[in-house]
Ligand code: NAI
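In this note's numbering, the protein residues as written are -7 to 387.
The structure is reproduced here in structure tokens:
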């Protein structure tokens, strides 16, 4: 196992700041690196602010002050020299493959011969990031959830070339990083496949939702009636949630899975049209809903609406179980409990296997019908789901 004392966090944005914060709390010496002084200073200021808040709450440990912790934080804009004494780099820069590959190579060219490069990419292949770095065996994935300090899950990814020692060390470091909401949950991802575990599990529900959205427009059904279908069962209705996440983000995510998994992920016409018109949801004030009256206005509309019957929440549970079974079939995890636990730790919602054990036959039938009705073959149940074979597999 590589002894890790000095961590370099590359990228002082939303995720990098959170990763630097929990790394400091775990006792590591941390360097925060970005491309210019303003960005690094901004990141530093956010971490400082967070630490002071934690100090007043007594969350840094007895008698530990924010300034003591911050004494272990350095800033830099020069990766090649900053990495010289780093044991591990956790990369949280822009989601662009060529730039990730480039910084990975800089780390391997300039860092010590044991340095590990762990990427926080949400979508990119760890194998590809490390491929031309000169040391692909020292490249792994460490996928955090936002906000880093509050979400328990970290997925640790083994790329095709990642050595066992580097994978185990990445697991150990992930385990050592505190979470303010309880014990960390570390999910080992044994195969470098799109979306890893949690994002992959939740991705195909978008196929169904896209179909529901397009049907609603065709049948002139207003969005509050779709959201009334799941009122009281989910914190937000599906249209409200889409607005909240951002319709552009949803479209990009679907386009990614379309490229990686199946053409059935083609984004829905409704979403494409809204994005083209610049209506991206809550962040632009308009999407499915007009957000000028805030969430309370939306809630009131949904409460007053007649359910449309078009959206069935049970279908999404069935879709989740199907994708969970595909994750098992592909050997991405060693057992189904990991999928359920990772979903709870990463999304705060139960995974599909708990309920799926008793419902796989009914849900398989739901999916057969849904695939036929929507023409989306990806929704058809896989063998492992239909047979219920997962029930007798290792948990
Ligand atoms: P962000 O845009 O807030 O921060 C990215 C930072 O990286 C910026 O400060 C930018 O200046 C910096 N950067 C860009 N190129 C750089 C380079 N060559 N060297 C050093 N710094 C560079 O982005 P965010 O949201 O923090 O995402 C970062 C990574 O984390 C992405 O790969 C993203 O997919 C992943 N991620 C994001 C999650 C989220 O909820 N935002 C969740 C999980 C993963």
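Glycine is no exception: its CB is placed at the ideal position from the N, C-alpha and C atoms. Bear in mind the structure is a predicted one, so any value in this text is a computation, not a measurement.
Inside the segment 198 to 260, DSSP marks no whole beta strand (DSSP E) run of 3 or more residues. Counting other Cβ atoms within 10 Å of its Cβ, residue 13 reaches 16 or more and is therefore classed as buried.
Look at residue 142: its beta carbon is at least 7 Å from all of the heavy atoms in the ligand NAI. Under the DSSP definition of a beta bridge, residue 114 lacks any partner.
Between residue 71 and residue 16 a beta carbon distance of about 19 Å is seen, past the 8 Å cut, so the two are scored as non-contacting.
Short of 6 Å from the beta carbon of residue 169, and not among the five residues preceding or following it, lie these beta carbons of its own chain, in chain order: 14 and 18. DSSP places residue 363 in the helix class (H, G or I) of the three-state scheme. Relative to the non-hydrogen atoms of the ligand NAI, the Cβ of residue 8 comes within a distance shorter than 7 Å of at least one.
DSSP, read as helix, strand or coil, puts residue -2 in strand.
Within the segment 268 to 352, the runs of alpha helix (DSSP H) that reach at least 4 residues and sit entirely inside it are, in chain order, 286 to 296, 305 to 321 and 328 to 339.
Within the same chain, 4, 24, 65 and 67 come within 8 Å of residue 36 by CB-CB distance, once the 5 residues on both sides are set aside.
Between residue 146 and residue 205, the gap from beta carbon to beta carbon reaches 8 Å or more. With the rule of 3 Cβ pairs closer than 8 Å, the segment 151 to 161 counts as touching the segment 118 to 137.
Between residue 369 and residue 282, the C-beta spacing is not below 8 Å.
The beta carbons of residue -6 and residue 157 sit about 7 Å from each other, so the pair counts as a contact at 8 Å.
Taking the Cα positions, residue 129 is about 42 Å away from residue 227.
Nearest Cα to residue 176 within the set 291, 380, 56 and 335: 335. Relative to the non-hydrogen atoms of the ligand NAI, the Cβ of residue 154 never comes closer than 7 Å to any of them.
A residue is called buried once 16 or more other Cβ atoms fall within 10 Å of its Cβ, and residue 218 is buried on that count.
For residue 158, the uninterrupted alpha helix (DSSP H) segment begins and ends at 156 to 168.
Beyond the five residues adjoining it in sequence on each side, residue 54 comes within less than 6 Å, by CB distance, of no other residue in the same chain.
If you look at residue 24, you'll find it in the beta strand (DSSP E) that goes 21 to 25. The alpha helix (DSSP H) runs lying completely inside the segment 64 to 144 and spanning 4 residues or more are 71 to 74, 89 to 102 and 118 to 123, given in chain order. Between residue 316 and residue 143, the C-beta gap is not smaller than 8 Å, which leaves the two residues out of contact. The beta-carbon distance between residue 132 and residue 159, rounded to whole angstroms, is 6 Å. This is short enough to meet the 8 Å contact definition. For residue 26 and residue 33, the gap between their C-alpha atoms comes out near 9 Å. For residue 102, the closest alpha carbon among the candidates 86, 80, 302 and 6 is that of 80.
The DSSP-derived three-state label of residue 12 is helix. For the set 252, 8, 164 and 214, the Cα lying nearest the Cα of residue 296 is the one of 214. For residue 198, the number of other beta carbons within 10 angstroms of its own is at least 16, and it is reported as buried. Beta bridge pairing from DSSP links residue 180 with 148. Between residue 200 and residue 371, the CB-CB gap stays under 8 Å. Residue environment for residue 76: exposed (fewer than 16 other C-beta atoms within 10 angstroms of its C-beta). By a beta-carbon distance limit of 8 Å, residue 236 contacts residue 273. Their separation comes to about 7 Å.
Taking 7 Å as the cut-off, the C-beta of residue 3 counts as close to a heavy atom of the ligand NAI. Each residue's CA atom was taken as its position, placing residue 377 and residue 6 some 38 Å apart.
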